[in-house]
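Notes follow the structure.
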Amino acid sequence: MSAGPGCEPCTKRPRWGAAATSPPAPSDARSFPGRQRRVLHPKDASVQFRVLPSSPGCVPGRAGPHRGSATSLVLKQKPITSWMDTKGIKTAESERKEQCELKHQRTERKIPKYVPPHLSPDKKWLGTPIEEMRRMPRCGTRLPPLRPSANHTVTVRVDLLRAGEVPKPFPTHYKDLWDNKHVKMPCSEQNLYPVEDENGERTAGSRWELIQTSLLNRFTRPQNLRDAILKYNVAYSKKWDFTALVDFWDKVLEETEAQRLYQSILPDMVKLALCLPNICTQPIPLLKQKMNHTITVSQEQIASLLANAFFCTFPRRNAKMKSEYSSYPDINFNRLFEGRSSRKPEKLKTLFCYFRKVTEKKPTGLVTFTRQSLEDFPEWERYEKPLTRLHVTYEGTIEGSGQGMLQVDFANRFVGGGVTSAGLVQEEIRFLINPELIVSRLFTEVLDHNECLIITGTEQYSEYTGYAETYRWVQSHQDGSERDDWQRRCTEIVAIDALHFRRYLDQFVPEKIRRELNKAYCGFVRPGVSSEHLSAVATGNWGCGAFGGDSRLKALIQILAAAAAERDVVYFTFGDAELMRDIYSMHTFLTERKLTVGEVYKLLLRYYNEECRHCSTPGPDIKLYPFIYHAVDSCAEASDQPGKRTGP
0 MSAGPGCEPC
10 TKRPRWGAAA
20 TSPPAPSDAR
30 SFPGRQRRVL
40 HPKDASVQFR
50 VLPSSPGCVP
60 GRAGPHRGSA
70 TSLVLKQKPI
80 TSWMDTKGIK
90 TAESERKEQC
100 ELKHQRTERK
110 IPKYVPPHLS
120 PDKKWLGTPI
130 EEMRRMPRCG
140 TRLPPLRPSA
150 NHTVTVRVDL
160 LRAGEVPKPF
170 PTHYKDLWDN
180 KHVKMPCSEQ
190 NLYPVEDENG
200 ERTAGSRWEL
210 IQTSLLNRFT
220 RPQNLRDAIL
230 KYNVAYSKKW
240 DFTALVDFWD
250 KVLEETEAQR
260 LYQSILPDMV
270 KLALCLPNIC
280 TQPIPLLKQK
290 MNHTITVSQE
300 QIASLLANAF
310 FCTFPRRNAK
320 MKSEYSSYPD
330 INFNRLFEGR
340 SSRKPEKLKT
350 LFCYFRKVTE
360 KKPTGLVTFT
370 RQSLEDFPEW
380 ERYEKPLTRL
390 HVTYEGTIEG
400 SGQGMLQVDF
410 ANRFVGGGVT
420 SAGLVQEEIR
430 FLINPELIVS
440 RLFTEVLDHN
450 ECLIITGTEQ
460 YSEYTGYAET
470 YRWVQSHQDG
480 SERDDWQRRC
490 TEIVAIDALH
500 FRRYLDQFVP
510 EKIRRELNKA
520 YCGFVRPGVS
530 SEHLSAVATG
540 NWGCGAFGGD
550 SRLKALIQIL
560 AAAAAERDVV
570 YFTFGDAELM
580 RDIYSMHTFL
590 TERKLTVGEV
600 YKLLLRYYNE
610 ECRHCSTPGP
620 DIKLYPFIYH
630 AVDSCAEASD
640 QPGKRTGP
């Protein structure tokens, strides 16, 4: 997003928001020192060179039984025939003299150290100019007519779809399905709750009728809203906490703002929520694991669903372990209303901005949600495609400068992460300023390792500054992005979840690298679409920060995955100028030497074997990029010598 973890807190809080800045973060790249193995008993040892199978290649690396080096010294000792055979025993003095003699006989081997070319510190971006990167809709193909199918649910009348007009729902009248394949709707006839009649007998009543009765009461205080929500959530009357909502209403909003909230915004939200059976007439399928399915809905339908989420009306969704929806994210907003976190008022401002805009003027577009589940992935060791183009900058944001590109959501496997609770980093911020993303939590099961969620057409409603504790809502945003033939905003966002590493070294394990490559590839690839019709990937420090990822490794993984998917990369370092230069230097180094995706992948495996596998410290002595520079240049140098193996 627009800022990294280094954001400074604001010194002055304006009425509806405050600015924050992101200073550059330091780099910790180190050089690659050459080391040699100490030779013991030289007169009794025949010295041989061999290439270890655990570390293919030609580069002399760190020797020793705890480091898999490409070339190592192997000592073949002469056996002592008897325990009384003193010819095989050396004094410390004679051993020292023999070692000195051997040292003088042997020429010193110099290990080359690659130094990246100096880059001007004044540069704000490096690589291919961003203007040359492909964007939608210019690079895209003409869309086929929008039609529902077995793998595409469309909830509007496609024959009546017109630019600038609110789409008509399909079918005309509400159709109810209460099963394990579709969203259980608040307005369903099957949504019941136990009631006692005048004779004390328990019967089943319509929860939707109770919801309507409760929400149609006038709200003049936050306690009125709390009481209304708890009337149809009786089981949680002593569990749910509304402190954040009460404080926002009583302590954050000025009197005129509070009046506007309860006199205008909330009543309009109630109307929007209670129109659900007239707006969302078709059952919404659940996007379960292993499914490849697409749902296209209108922005108006999303607004009604989100209004119901705000009023906590969705049944069976107040997660309990091993319950029906425990593998789905939260959708009701009850956790947003709890606690005294300083983040909550800014989140509420952002969401009320959205609800105000969609109730004042109905939105007219469509949004598409696609769950993509892949079975086939590249054989990374053998992948011979070259790297694609790169633009890297420490300025700008994914959503701002990456318009028309495939924008990466640094996702939680439960999409949206903590957007409806206390979370407020990259994913949550994106879901707040584009709130239509939040509805994906209603029907998207937790993502598996080979899956992603692609969302096309959401609109940005708010502007903001800061990150996490410094996040501030600034003002409403007028989205000027173009619409495609399906009346969707040309904004494509892909949710891919990175692994969480508690130990720094774990991320270099080959299985983990392969998993992250496959996850990024799943998000970037579009089977059947030629490369000239694919927009660039707009991304950044995916899986870093709280997830423990190394930013230089993650950048390289995304560059490899994008190359395999035949997409260019636009990389935002969020204020880190040194990281920008490091990524550019590495990409330039690899492309100038014409290394393929597979060759770079094998270098990552070598790095694990030689530097990480037996490392007893929290981090390896040699950082990843210096290792790659040294390994590639050493192989190039060795290739000039007859009989030497070359290659990473």
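Heads up: the sequence shown begins at 0 in numbering that gives the first Met the number 0, then just goes up one per residue. Using N, Cα and C, we set each Cβ at its ideal position, and we do this for glycine too. The structure displayed is predicted, hence computed values, not measured ones.
Given 8 Å as the limit, is there contact between the region 324-338 and the region 390-407, that is, 3 or more CB pairs closer than that?
no
Can at least three beta-carbon pairs, one atom from the region 548-564 and one from the region 517-534, be found at a separation below 8 Å?
yes
To the nearest angstrom, how far is the alpha carbon of Pro168 from that of Leu441?
19 Å
Run of the alpha helix (DSSP H) containing Ala512, from where it starts to where it stops
The identity of residue 512 in the sequence shown is Ile, whereas the question assumes Ala. Where Ile512 is concerned, the enclosing alpha helix (DSSP H) stretches over 509-523.
Quick check on DSSP: helix, strand or coil for Glu491?
strand
With Gln474 as the anchor, note down where its beta strand (DSSP E) starts and where it stops.
471-475
From Asp158, Pro136, Gly139, Ile558, residue whose alpha carbon lies closest to that of Leu145:
Asp158
How is Trp124 classed by DSSP in three states: helix, strand or coil?
strand
What would DSSP say about Leu446, mapped onto helix, strand or coil?
coil
In angstroms with no decimal places, state the Cα-to-Cα distance between Arg302 and Gly465.
Note that residue 302 is Ala in the sequence shown here, rather than Arg. Using only the alpha carbons, I get a separation of about 26 Å.
With a threshold of 6 Å on Cβ separation, who are the neighbours of Tyr628 within its own chain once the five nearest residues in sequence on each side are excluded?
Tyr113
Helix or strand or just coil, what does DSSP make of Pro650?
For residue 650 there is no data in the structure shown, the boundaries of the chain being 0 and 647.
Could you give the DSSP three-state label for Val296: helix, strand or coil?
strand
If we count the other Cβ atoms within 10 Å of its Cβ and call it buried at 16 or more, is Gln477 buried or exposed?
exposed
Quick check on the burial criterion: 16 or more other C-beta atoms within 10 angstroms. Buried or exposed for Met184?
buried
Please classify Ser372: does DSSP put it in a helix, a strand, or coil?
strand
Specify the secondary structure class of Leu594 as computed by DSSP and reduced to three states.
coil
Could you check the C-alpha separation between Phe409 and Leu350 for me, to the nearest Å?
21 Å
Quick check: Thr490 and Thr457, are their CB atoms within less than 7 Å of each other?
yes
Need the endpoints of the alpha helix (DSSP H) that Tyr628 sits in, please.
623-637
DSSP three-state label for Ala424, please.
This sequence places Val at residue 424; Ala is not what is there. Three-state DSSP puts Val424 in coil, outside helix and strand.
Exposed or buried, Thr649, counting other C-beta atoms within 10 Å across all chains shown (16 or more means buried)?
Here the chain covers residues 0 to 647 and nothing more, so residue 649 does not appear.
Specify whether the region 193-205 and the region 239-247 touch according to this definition: at least 3 beta carbon pairs, one from each stretch, less than 8 Å apart.
no
Short check: CB of Tyr173 to CB of Pro284, under 7 Å?
no
Using a Cβ distance threshold of 8 Å, determine whether the region 387-399 contacts the region 579-591, with at least three qualifying pairs required.
yes
Near Pro78, what residues of its chain come up, given a Cβ to Cβ distance below 6 Å and the 5 sequence neighbours on each side ignored?
Confidence is the limiting factor: at Pro78 the pLDDT is only 39, short of 50, which leaves the residue's position unreliable and the question unanswerable from this model.
Could you say which of Gln281, Thr127, Gly126, Ser475 lies nearest to Arg156 if we only look at CA atoms?
Gln281
Please identify the residue among Ala421, Thr152, Trp379, Lys384 whose C-alpha is closest to the C-alpha of Asn648.
The displayed coordinates of the chain run from 0 to 647. Any statement about residue 648 would go beyond what the structure contains.
Would you mind reading off the limits of the alpha helix (DSSP H) that contains Glu208?
206-214
For Leu405: DSSP bridge partner residues
Glu491, Val536
Just mark Thr80 as buried or exposed, buried being the case when its beta carbon has 16 or more other beta carbons within 10 Å.
Model confidence at Thr80 stands at a pLDDT of 35, short of 50, so the residue's coordinates are unreliable; what they give is reported in the following sentence. Exposed, since its Cβ has fewer than 16 Cβ neighbours within 10 Å.
Closest to Pro116 by CA distance: which of Tyr503, Glu394, Tyr607, Arg580 is it?
Arg580
In chain order, what residues of the same chain lie with their CB nearer than 6 Å to the CB of Arg381, ignoring the 5 residues before and after it?
Gly597
Since I believe Thr443 is in contact with Leu286 (beta carbons under 8 Å), could you give me their beta-carbon distance rounded to a whole number of angstroms?
5 Å
Arg339 - DSSP class collapsed to helix/strand/coil:
coil
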